[in-house]
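Colleague:
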Amino acid sequence: GTGPAGRVSKEDIEGFLKDGAAPAASAPGTSGADPAVAGSEERLPLKGLRKIIAERMRHSVDTVAHVTQVDEVDLTELVKLRAKAKPAAEAQGIKLTYLPFFVKAVIAALKKFPMLNASLDDASKELVVKHYYNIGIAVNTDNGLFVPVIHDADRKSIFQIAKEISELSERAKTGKSTMEELKGGTFSLTNIGSVGGLFATPIVNHPEVGILAVNKIQKRPVVINDEIVIRDMMYIALSFDHRVVDGAMAAAFNNQLAAYLGDPTLMFLEMA
674 GTGPAGRVSK EDIEGFLKDG AAPAASAPGT SGADPAVAGS EERLPLKGLR
724 KIIAERMRHS VDTVAHVTQV DEVDLTELVK LRAKAKPAAE AQGIKLTYLP
774 FFVKAVIAAL KKFPMLNASL DDASKELVVK HYYNIGIAVN TDNGLFVPVI
824 HDADRKSIFQ IAKEISELSE RAKTGKSTME ELKGGTFSLT NIGSVGGLFA
874 TPIVNHPEVG ILAVNKIQKR PVVINDEIVI RDMMYIALSF DHRVVDGAMA
924 AAFNNQLAAY LGDPTLMFLE MA
C-alpha cells in the first residue's frame, strides 16, 4: 500500500476498485476460442430423452446415498440348466437368456430381504415396503436407456419372463414402449455382460433402493476342496440406498443371491 509502513490506504482500495471494475476489452474480431480448437468440437443441445435421463441420473445421485457391494458367483450349474432348457424354450419360439433366471433369483432373495424391495417416501419420511415384485430391466437403445418393467414377476414362469423380456426390449428399441411398461418398478436389473468390462457400479433407479448389475460369464480357475478347477464365474454388483439398506444386509442379500444362482434347485424348491 501507499500508506505508512506499506499499509493499504483508503485511496489504494478506491484505486483498485476503479481499475478492477472494468475488465480488459478483448481485441476486435476475436471470440475467445482457440482457432486451432474451434473447428474440432461440436455443441449439441441437451434435449428430449437424453435430457430426461440426465435429470433423473442427477436427481438419483443427489438424493440416494449410493453404495455398491461387489461379489463373485459360481454359475456352473445354472449354465448347465439353461443348456438343458434351451431346446424346450426354442420349441415355443422363446429366446432363453440368463436374465429370466437372474430375475427369479433376485425375487427369491428379495423375499428374504424385503427392505431392498422398498422405497423411501421423502415427503412423509416413511419407508414403503412392497409385497409385490415388479422388476425393471435396463435396455440400451439408440435413443438412450429405457427400463421397462416386468410386473408381478414372482407370478410368472422362467419361460414367461423370457418371452416378456424379449417383447419389452424390442418395443423399447423401436420406441414403442408404453408409459405403463416403464413405471411401477420395485427393483432393477442391468446386464453389463453383453457390453463387456469386469463389473460396473450402477446408479439406483430412484425411488427404488436397489439395482443389480450382472456381468459377463467367464471360465476361471477356482479352488474347491483344495483343488483348482475351472468354473463358470460372474461378478455381480449391487448398488443400494444406504439411507434404507445397511451394508451388512446388502452383503447378506448378495450371499443369498449367490447361493440361489450357484444351486438353482435350491431356488426352485423355495419358490412359493
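Under the numbering used here, the first residue of the sequence shown is numbered 674, with each subsequent residue one higher.
Glycine included, every Cβ here is placed at the ideal spot set by N, Cα and C.
Remember, it's a predicted structure, so these values are computed and weren't measured experimentally.
Does DSSP classify Leu-717 as helix, strand or coil?
Modeller: Leu-717: coil per DSSP, three-state reduction.
Colleague: By the DSSP assignment, the alpha helix (DSSP H) with Val-779 in it spans what residues?
Modeller: Its alpha helix (DSSP H) spans residues 772-785.
Colleague: Determine the direct distance from the alpha carbon of Ala-761 to that of Val-737, and round the result to whole angstroms.
Modeller: Near 42 angstroms, if we compare the C-alpha coordinates of Ala-761 and Val-737.
Colleague: For Arg-904 versus Asp-747, is the C-beta spacing smaller than 9 angstroms?
Modeller: It is a contact, given that the beta carbons lie within the stated cut-off.
Colleague: When you compare the segment 801-808 with the segment 821-839, are there three or more beta-carbon pairs, one atom per stretch, that lie closer than 8 angstroms?
Modeller: They touch, by the three-pair rule.
Colleague: DSSP on Gln-742, reduced to helix/strand/coil?
Modeller: In this structure, Gln-742 counts as strand in the three-state DSSP scheme.
Colleague: Determine, using beta-carbon pairs with one atom in the segment 750-758 and one in the segment 872-886, whether at least three such pairs fall under 8 angstroms.
Modeller: Result no; under three Cβ-Cβ pairs closer than 8 angstroms.
Colleague: Relative to the C-alpha of Lys-768, which candidate in Ala-791, Gln-833, Arg-716, Ser-733 has its C-alpha closest?
Modeller: Ranking the options by Cα distance to Lys-768, first place goes to Gln-833.
Colleague: Short check: CB of Asp-744 to CB of Leu-911, under 9 angstroms?
Modeller: Yes. Within cutoff.
Colleague: At which residues does the alpha helix (DSSP H) containing Lys-757 begin and terminate?
Modeller: Counting along the chain, the alpha helix (DSSP H) containing Lys-757 begins and ends at 749-764.
Colleague: Would you call Met-907 buried or exposed, if buried means 16 or more other Cβ atoms sit within 10 Å of its Cβ?
Modeller: Looking at its Cβ environment, which holds 16 or more other Cβ atoms inside 10 Å, Met-907 is buried.
Colleague: Would you mind stating whether Phe-926 and Leu-783 have Cβ atoms separated by less than 9 angstroms?
Modeller: Yes, the Cβ-Cβ distance between Phe-926 and Leu-783 is below 9 angstroms.
Colleague: Excluding the 5 residues flanking Asp-794 on each side, which residues of the same chain have their C-beta closer than 7 angstroms to its C-beta?
Modeller: Closer than 7 angstroms at the Cβ level, and outside the excluded window around Asp-794, lie Val-801.
Colleague: With distances taken between CB atoms, is the gap from Phe-860 to Ile-909 smaller than 9 angstroms?
Modeller: Not in contact: Phe-860 and Ile-909 (Cβ atoms no closer than 9 angstroms).
Colleague: Taking only runs that begin and end inside the segment 852-879, name each unbroken beta strand (DSSP E) of 3 or more residues, in chain order.
Modeller: You should have 860-864.
Colleague: Assign Ser-792 to one of three DSSP states: helix, strand, or coil.
Modeller: Ser-792: strand per DSSP, three-state reduction.
Colleague: Suppose contacts are defined by Cβ-Cβ distances below 9 angstroms. Is Gln-929 in contact with Phe-775 by that definition?
Modeller: It is not a contact, given that the beta carbons lie outside the stated cut-off.
Colleague: Around the Cβ of Leu-717, are there at least 16 other Cβ atoms within 10 angstroms (buried) or fewer (exposed)?
Modeller: With fewer than 16 other Cβ atoms within 10 Å, it is exposed.
Colleague: Report the three-state DSSP secondary structure of Ser-797 (helix, strand or coil).
Modeller: The answer is coil: DSSP assigns Ser-797 none of H, G, I, E or B.
Colleague: By the three-class DSSP mapping on this structure, what secondary structure does Ser-839 have?
Modeller: It is helical.
Colleague: Can you find the residues in the same chain that come closer than 7 angstroms, C-beta to C-beta, to Arg-723, ignoring five residues on each side of it along the sequence?
Modeller: Once the five neighbours on either side are set aside, the close Cβ partners of Arg-723 are Gly-817.
Colleague: Compute the distance between the beta-carbons of Val-887 and Asn-864, then report whether it is under 9 angstroms.
Modeller: Going by C-beta atoms, Val-887 is nearer than 9 angstroms to Asn-864.
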